[in-house]
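Accompanying notes for the structure given below.
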Amino acid sequence: MESKGTGRKSAKRTVGHFVMLPNTVLRSPGYRALSHTARSLLVDIAMQYKGGNNGALVACEKYLRPLGWKSKDVISRSVKELLEKGLLIKTRQGGLNSPSLFALSFHNLDRDNRHEPGMAVAFPKLRGNYKSYVETPTPSRGPNLIKIGPSPGGKRARTTPSRGPVLPIKTAMSTPPDGEYLEVTICPLNLSATDTPTHFPSRVAQTRLSSAS
Numbered sequence: 503m504e505s506k507g508t509g510r511k512s513a514k515r516t517v518g519h520f521v522m523l524p525n526t527v528l529r530s531p532g533y534r535a536l537s538h539t540a541r542s543l544l545v546d547i548a549m550q551y552k553g554g555n556n557g558a559l560v561a562c563e564k565y566l567r568p569l570g571w572k573s574k575d576v577i578s579r580s581v582k583e584l585l586e587k588g589l590l591i592k593t594r595q596g597g598l599n600s601p602s603l604f605a606l607s608f609h610n611l612d613r614d615n616r617h618e619p620g621m622a623v624a625f626p627k628l629r630g631n632y633k634s635y636v637e638t639p640t641p642s643r644g645p646n647l648i649k650i651g652p653s654p655g656g657k658r659a660r661t662t663p664s665r666g667p668v669l670p671i672k673t674a675m676s677t678p679p680d681g682e683y684l685e686v687t688i689c690p691l692n693l694s695a696t697d698t699p700t701h702f703p704s705r706v707a708q709t710r711l712s713s714a715s
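Just add 502 to the spot in the sequence shown (first one is 1) and you have my numbering.
The structure is reproduced here in structure tokens:
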């Protein structure tokens, strides 16, 4: 069948369910702040919505593994991110044999007996938080700054020798402290001028003359 005025065949629409994500949601601060992993998980969770089961959606491993989700940690972090940014609302806390239930915050909540008590009253207050979400700024470490402080400097010269203190060098005195030295020739007594001394000492003895008192 050709469309009027174009001469081309009209494309057939794909029959089946579709995920409805309004532009107001896609442009909201909460959605724009999502990681790519959390955005993908939101689409896979929204695939369960059939128009009457909002509040009974699951994000368990049993449902998500066939869709390519293999890490429990990635699923847990992505669900936490969707809750924090207001795209999902938990309607029931899961237990040992029952999964947690969720609702898309941009659709009306459908009644379900499995919801937590008071959820019907709390849901309208939580709905639409994705529109007013404000990203909390994280403190930056800033550029690498040069540390200001005293420099260790170079090696300091030692003020004292490494082998101990300097001791004065003892030098010989130029003069004796008491009196003078006299050269005395020792000769035998009673020697006449013509006699030859029978004995002379081999060297001149130095006798210390004490100063007269």
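Where is the CB? At the ideal position from N, CA and C, for every residue including glycine.
Counting along the chain, the unbroken alpha helix (DSSP H) around Phe625 starts and ends at 621 to 628. At a Cβ-Cβ threshold of 9 Å, Leu590 and Tyr551 do not count as neighbours.
In the DSSP annotation of this structure, the continuous segment of the beta strand (DSSP E) that includes Thr593 starts and ends at 590 to 594.
Using a Cβ distance threshold of 9 Å, Thr593 and Arg629 do not count as a contacting pair. Only buried fits Gly557, as 16 or more other CB atoms lie within 10 angstroms of its CB.
Inter-segment contact for the segment 514 to 533 and the segment 555 to 572 is absent: fewer than three beta-carbon pairs are separated by less than 8 Å. DSSP lists Arg594 as the beta-bridge partner residues of Leu603. In the three-state reduction of the DSSP assignment, Leu523 falls in the coil class, being assigned neither a helical nor a strand state. Going by C-alpha positions, Ser600 is about 32 Å away from Ser634. When DSSP states are grouped into helix, strand and coil, Leu559 belongs to the strand group. Annotated three-state conformation of Leu544 is helix, per DSSP.
Following the DSSP letters along the chain, one finds Glu583 inside the alpha helix (DSSP H) bounded by residues 574 to 586.
CA-to-CA, the gap between Ser542 and Ile577 works out to about 11 Å.
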